[in-house]
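Residue numbers (our numbering), protein chains in the order written: chain A, 293 to 452; chain B, 293 to 452.
We put the CB at the ideal spot given by N, CA and C, even for glycine.
Bear in mind that the values here come from a model prediction, so they are computed numbers and not experimental data.
2 protein chains.
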Amino acid sequence: MKKNKFMDIAIDLSDDNFDKKYGGPFGACVVKNGKIIGKGINRVIKDHDPTAHAEMVAIRNACKEMKTHDLSGCELYTSCYPCPMCLSAIIWANIKTVYYGNTKEDANDIGFRDDFIYEYIDKLAVGDKNDSVLKLSSMNREAAIKVFEQYKNDKDKIIY
Amino acid sequence: MKKNKFMDIAIDLSDDNFDKKYGGPFGACVVKNGKIIGKGINRVIKDHDPTAHAEMVAIRNACKEMKTHDLSGCELYTSCYPCPMCLSAIIWANIKTVYYGNTKEDANDIGFRDDFIYEYIDKLAVGDKNDSVLKLSSMNREAAIKVFEQYKNDKDKIIY
């Protein structure tokens, strides 16, 4: 069995949250230069926050700690394969290395919709919109695009 | 031009944020029964939070207001097509109707990576892992799965 102290901590966090019931049994931590800079547990129920997955909370805590939105050079350890929300947040945060314990099939097996959301996104890519999951409609791009045009011409912008 | 007061507000929020520069020029609002219950602008730079996209902030504010993680029956208006993080958060929150202004190609055109992340996820689905974007490695599932087994047998769990 491959052992790692940071993965042990992520799994311990998931186990603690099974007892606390702040949300699903998930834990994660962000590591920089061999030190934990942010921990997270799933807080969806406790915080009334559907975005408060363990990885999201760990990323937000690490960013708060480091006073940056950019976690380049950091690694993330999570007790379960990230859902598409968390996976995207990891990429937005410029984290390039992730270690996970359970698989997304394991998450599906205990009742979570990770796999279902991946499938929805994958079908979107080939133009197969499942409106019963989510109905996405375009509206008034003519007005919205004006702000983007201003932004495009702005020389002081910070791209992240 | 299709007009709608909630889309106007989402676009106005994106325009305000172009001036404020709290993050990218994006705005969103969550609507329930014809009333706004949560607004959001992109706060990535200001809050040091890579997860603080307009839709995420609007969802978190709406959930705080309603004291629930479940936004069933709500609609979301956003000045730009949601990135995969926001799209997944919308599904986790049980929102089933989304109206967007700008497209993800428009976002790409002003320098954001929405399209790039969609592409990464789409390739993952067919087993094409791009390790230069993100290296995902399995580690110690044998330990992680024990927590899931406990959870599976727990009769008091709340599934979201």
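Work out the CA separation of Ile303 of chain B and Ala435 of chain A for me, nearest whole Å. About 7 Å.
Contact check, Tyr373 of chain B vs Ala354 of chain B under 8 Å by CB: the rounded distance? About 19 Å separates the two Cβ atoms, so there is no contact after all.
In terms of residue numbering, what span does the beta strand (DSSP E) encompassing Val336 of chain B cover? First-last for Val336 of chain B: undefined, no H or E at that position.
Distance CB(Ile451 of chain B)-CB(Gly403 of chain A) smaller than 8 Å: In terms of Cβ geometry, Ile451 of chain B and Gly403 of chain A form a close pair [threshold 8 Å].
In chain order, what residues of the same chain lie with their CB nearer than 7 Å to the CB of Lys324 of chain A, ignoring the 5 residues before and after it? Gly365, Cys366
Listing by chain order, which chain B residues have their CB less than 8 Å from the CB of Lys331 of chain A? Result: empty, since nearest Cβ-Cβ is about 16 Å, beyond 8 Å.
Suppose you measure from the CA of Phe310 of chain B to the CA of Gly316 of chain B; what does that come to, to the nearest Å? 7 Å
Can you pull the chain A neighbours of Asp307 of chain B, defined as C-beta to C-beta under 7 Å? Chain A residues near Asp307 of chain B: Val439.
Residues of chain A with CB under 7 Å from Ser430 of chain B, in chain order? Going along chain A in sequence order, the residues near Ser430 of chain B (Cβ under 7 Å) are Tyr392.
Establish whether the CB of Cys321 of chain A and some CB of chain B are separated by less than 8 Å. With respect to chain B, the C-beta atom of Cys321 of chain A has no partner C-beta closer than 8 Å.
Nearest by alpha-carbon distance to Lys356 of chain A: which of A:Lys331, A:Asp300, A:Lys297, A:Tyr314 is it? A:Lys331
Identify the contact partners of Asn296 of chain A in chain B, using a Cβ-Cβ distance below 9 Å as the criterion. Met431, Asn432
Below-8 Å beta-carbon distance, Gly326 of chain B vs any chain A residue: no
Where Val425 of chain A sits in the DSSP three-state scheme: coil
His326 of chain B burial status per 10 Å Cβ neighbour count (16 or more: buried): Correcting the residue type first, residue 326 of chain B is Gly in the shown sequence and not His. With fewer than 16 Cβ atoms within 10 Å of its Cβ, Gly326 of chain B is classed as exposed.
How close, in whole Å, do the beta carbons of Gly419 of chain A and Arg433 of chain B come, if the pair is a contact with beta carbons under 8 Å? About 35 Å separates the two Cβ atoms, so there is no contact after all.
Does the Cβ-Cβ distance between Val322 of chain A and Ala344 of chain A come in under 8 Å? no
Put Cys378 of chain B into one of helix, strand or coil per three-state DSSP. helix
If contacts are defined as beta-carbon pairs under 8 Å, then Lys236 of chain A and Lys388 of chain B qualify, I think. What distance do you get, rounded to the angstrom? Residue numbering for chain A in the displayed model covers 293 to 452; residue 236 of chain A lies beyond these limits and cannot be assessed.
Anyone know if the C-beta pair for Ala385 of chain A and Leu416 of chain A falls short of 8 Å? no
Pair within 8 Å by beta-carbon distance, His340 of chain A and His340 of chain B: no
Just the chain A side, please: which residues come within less than 7 Å of Asp341 of chain B by C-beta, in chain order? Here the neighbours are Arg352, Cys355, His361.
If you check the beta carbons only, do Asp414 of chain A and Asp414 of chain B fall under 8 Å apart? Yes, they are a contact pair.
Mind pulling the beta strand (DSSP E) runs of 3 or more residues that sit fully within the segment 351 to 414 of chain B? 367 to 372, 389 to 394
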